[in-house]
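Counted from 1, the sequence shown has number 484 at position 485 by numbering that gives the first Met the number 0; the numbering is strictly sequential.
Virtual Cβ for every residue (Gly too), placed ideally from N, Cα, C.
Data block below; observations after.
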Amino acid sequence: MKSETMDINFDNKQRFQRIKDAKTKRFDLIIIGGGITGAGIALDAALRGLSTLLVEKTDFAAGTSSKSTKLIHGGLRYLKQLEFGLVKETGLERAVAHQNIPHLVHPEKMLLPIVKKGTFNKFSAVLAISFYDLLAKVPADDRRQSFNKRKTLNLEPLLNPSILKSSIQYSEYRTDDARLTIEIIKASRREGADAFNYMEVQDFIYTENQVSGVKCIDRTTGEHYVFRGNQVVSAAGPWVDKLRVLDKSKKGKSLQLTKGVHIVLPKEKLPLNSSVYFDAFDGRMLFAIPRGKVTYVGTSDTNYEGNLDKIVCTTKDANYILDAVNHMFEVNNLTISDITSTWAGLRPLIHEDGKSPSELSRKDEIFISNTKLISIAGGKLTGYRKMAERIVDLVIKNNRTLPKVKCMTKNYKIHADSLVDYNAYQEYTKTLLSEDHKLTMTPYRAWYLATNYGKNATKIIKMANSKSTVRPEALLAAEIEYCLRYESCYEPDDFFNRRSGRLYFDIESIYQNIDFIVKEFSNHFEWNPETEEKMKAKSIKFIKEVSQIED
Ligand code: FAD
Numbered sequence: 000m001k002s003e004t005m006d007i008n009f010d011n012k013q014r015f016q017r018i019k020d021a022k023t024k025r026f027d028l029i030i031i032g033g034g035i036t037g038a039g040i041a042l043d044a045a046l047r048g049l050s051t052l053l054v055e056k057t058d059f060a061a062g063t064s065s066k067s068t069k070l071i072h073g074g075l076r077y078l079k080q081l082e083f084g085l086v087k088e089t090g091l092e093r094a095v096a097h098q099n100i101p102h103l104v105h106p107e108k109m110l111l112p113i114v115k116k117g118t119f120n121k122f123s124a125v126l127a128i129s130f131y132d133l134l135a136k137v138p139a140d141d142r143r144q145s146f147n148k149r150k151t152l153n154l155e156p157l158l159n160p161s162i163l164k165s166s167i168q169y170s171e172y173r174t175d176d177a178r179l180t181i182e183i184i185k186a187s188r189r190e191g192a193d194a195f196n197y198m199e200v201q202d203f204i205y206t207e208n209q210v211s212g213v214k215c216i217d218r219t220t221g222e223h224y225v226f227r228g229n230q231v232v233s234a235a236g237p238w239v240d241k242l243r244v245l246d247k248s249k250k251g252k253s254l255q256l257t258k259g260v261h262i263v264l265p266k267e268k269l270p271l272n273s274s275v276y277f278d279a280f281d282g283r284m285l286f287a288i289p290r291g292k293v294t295y296v297g298t299s300d301t302n303y304e305g306n307l308d309k310i311v312c313t314t315k316d317a318n319y320i321l322d323a324v325n326h327m328f329e330v331n332n333l334t335i336s337d338i339t340s341t342w343a344g345l346r347p348l349i350h351e352d353g354k355s356p357s358e359l360s361r362k363d364e365i366f367i368s369n370t371k372l373i374s375i376a377g378g379k380l381t382g383y384r385k386m387a388e389r390i391v392d393l394v395i396k397n398n399r400t401l402p403k404v405k406c407m408t409k410n411y412k413i414h415a416d417s418l419v420d421y422n423a424y425q426e427y428t429k430t431l432l433s434e435d436h437k438l439t440m441t442p443y444r445a446w447y448l449a450t451n452y453g454k455n456a457t458k459i460i461k462m463a464n465s466k467s468t469v470r471p472e473a474l475l476a477a478e479i480e481y482c483l484r485y486e487s488c489y490e491p492d493d494f495f496n497r498r499s500g501r502l503y504f505d506i507e508s509i510y511q512n513i514d515f516i517v518k519e520f521s522n523h524f525e526w527n528p529e530t531e532e533k534m535k536a537k538s539i540k541f542i543k544e545v546s547q548i549e550d
């Protein structure tokens, strides 16, 4: 394993040379889709010595993998659907994910209020959570705790006392899905894989009726390329069926896409002490999760048949969540005008006759076509590592020339630094304040840098210290430069949406700096004024899409 180097060049300015190299190779494995599933497969395969290429049509994690609730969890509610296997697998994966990338997957206490006419009563909640803790082998000192009404209100004074009866607190983990995806892709490259964003598969190539490669268009230039591989895996999430149709192999089970939205409220509008898992009016349950300057709440679950590339939060979606918030918490009747940002994503679930969106299984499904194309869809962010293991096992089994190496990701440190748990990162956050020689670092910015970039925050601060730009732009410029050089950003949206999460969690910083951000990109890629203008307009369109809710 070559995991000692933390960062290797991943700058789209040099992508042409990498494309030239990739064109000449015949890969053991080509992966379509740079969401968490594709990323996990790339890392697993590279660690087992397979020559691996991943291609993503827009940006890494631009599909569902930046639109989740951002929890690494077993999914308490799936117990109701008797999905014990899924809950056990994902429940156990929580601790593995924390161990392997602690700054991005960290413990989060979840409060489940027991309310009048709620989904759970005290008995069913205790039973479910005890079983949940047992399945996930949660250590005794971290298991559920029950609180009476008074203690619950001490913990979370915002809960509506007129419906509250008691509560249970249990352990979950929180993450940032898009950053988790990019870190896994970076790790896969450290281990020898290559990956391109803005590289869309438009067709397959075949040798004796078997898929033997992909025809792509490079969205950054319009150039067409062919990449060859002994095995092609489609991890295209909601687009999996489109690729099965392209391969003329779609038969049997198919996907059912359901939409889930989240709304973001300023912290002062919903100042929660901890994450809360609570009832909506239709018997579903929502999460309200405080994160830095905001609290985000979601999610809905409705059938979706619209444009897969443009999924937005409507007034109906937002009001569904707001109604639940206004009922559960003693807040000042929150309305759409209080929402600062939103995101909406699609669950690629497997269709089952007669079931509503919330009843559909969250298990993953593997399709193998007679053209040898392997497709995987469904599943959870949390279960990405085990899904990858199953796929790479299958790829190795199907190709006798590949080494019979077992999965190595269980104890693999995705972020190769010396800090072992979240507490160590919290200590590290404090040191960032003193490492900053030139800028006015705020405690928020130190926390943000450490929890987004891990120990690479130090690298970003060093880059900022060496810049001649006046403060505080130097720090932002350094962060952008880091993401351009080491995280394959191509458009400003890649940075402010998926690398930094600022679009959701600190949108004010985008409003204030959009010209500066676009200019930094323009200088890096040497855009002409026309391209710069086009990128700026595109960025503003993205910002409006998430912050202005329309029907
Ligand atoms: P995606 O992330 O959609 O990746 C597929 C990629 O394939 C896309 O980036 C797409 O651009 C690319 N692609 C498609 N076609 C092509 C092509 N022709 N060429 C190249 N690339 C292509 N799970 C959890 O564990 N915890 C949660 O808290 C959680 N919350 C959720 C909340 C919501 C609202 C939703 C919708 C899901 C949630 N999930 C959660 C589930 C989880 O987010 C998904 O299971 C996971 O992100 C799916 O990842 P994926 O890589 O399979 O798909």
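Residue i CB to nearest heavy atom of the ligand FAD below 7 Å
{"i": "P347", "result": "yes"}
{"i": "T341", "result": "no"}
{"i": "E199", "result": "yes"}
{"i": "E486", "result": "no"}
{"i": "P289", "result": "no"}
{"i": "H72", "result": "yes"}
{"i": "G500", "result": "no"}
{"i": "P237", "result": "yes"}
{"i": "I35", "result": "yes"}
{"i": "V311", "result": "no"}
Delimiting residues of the alpha helix (DSSP H) encompassing residue i
{"i": "Y77", "result": "Y77 -> no alpha helix (DSSP H), and no H or E assigned at all."}
{"i": "A44", "result": "I35 to L46"}
{"i": "H326", "result": "T314 to M327"}
{"i": "I390", "result": "Y383 to N397"}
{"i": "P442", "result": "P442 to Y452"}
{"i": "R484", "result": "E472 to Y485"}
{"i": "P528", "result": "P528 to S546"}
{"i": "T151", "result": "K148 to L154"}
{"i": "F366", "result": "Run containing F366: none in the alpha helix (DSSP H); it sits in the beta strand (DSSP E), D363 to I367."}
{"i": "H523", "result": "I506 to F524"}
{"i": "E553", "result": "Any answer about residue 553 is impossible in this case: the structure gives the chain only from 0 up to 550."}
{"i": "A463", "result": "N455 to N464"}
{"i": "R243", "result": "V239 to L245"}
Interface flag, residue i vs chain D, CB-CB below 8 Å
{"i": "A343", "result": "The structure shown contains no chain D, having only a single protein chain."}
Identified DSSP bridge partners for residue i
{"i": "C215", "result": "V200 and Y224"}
{"i": "G344", "result": "G259"}
{"i": "Y295", "result": "V263 and I288"}
{"i": "R25", "result": "R227"}
{"i": "P112", "result": "S166"}
{"i": "V232", "result": "I30 and I373"}
{"i": "Q209", "result": "T206"}
{"i": "S145", "result": "I167"}
{"i": "H105", "result": "R173"}
Sub-8 Å separation of residue i and residue j beta-carbons
{"i": "G453", "j": "D416", "result": "yes"}
{"i": "A287", "j": "T294", "result": "yes"}
{"i": "I184", "j": "E199", "result": "no"}
{"i": "L28", "j": "V232", "result": "yes"}
{"i": "I516", "j": "I542", "result": "no"}
{"i": "K258", "j": "L345", "result": "yes"}
{"i": "E519", "j": "I479", "result": "yes"}
{"i": "T180", "j": "I367", "result": "no"}
{"i": "I113", "j": "S50", "result": "no"}
{"i": "K292", "j": "T89", "result": "no"}
{"i": "Y424", "j": "P106", "result": "no"}
{"i": "I7", "j": "R178", "result": "no"}
{"i": "Q230", "j": "N410", "result": "no"}
{"i": "T408", "j": "E388", "result": "yes"}
{"i": "A192", "j": "A45", "result": "yes"}
{"i": "L158", "j": "K362", "result": "no"}
{"i": "R243", "j": "K249", "result": "yes"}
{"i": "T568", "j": "I335", "result": "What the structure shows of the chain is the stretch from 0 to 550, and residue 568 is not part of that stretch, so it cannot be assessed."}
{"i": "I128", "j": "Y169", "result": "yes"}
{"i": "R93", "j": "A139", "result": "no"}
Limits of the unbroken beta strand (DSSP E) element including residue i
{"i": "R173", "result": "L163 to R173"}
{"i": "S374", "result": "I373 to G377"}
{"i": "Y276", "result": "S274 to D278"}
{"i": "A139", "result": "A139 -> no beta strand (DSSP E), and no H or E assigned at all."}
{"i": "T51", "result": "T51 to V54"}
{"i": "A194", "result": "D193 to F195"}
Closer than 7 Å: residue i CB and nearest the ligand SAH heavy atom
{"i": "K87", "result": "Absent from the structure shown: the ligand SAH. Ligands present: the ligand FAD."}
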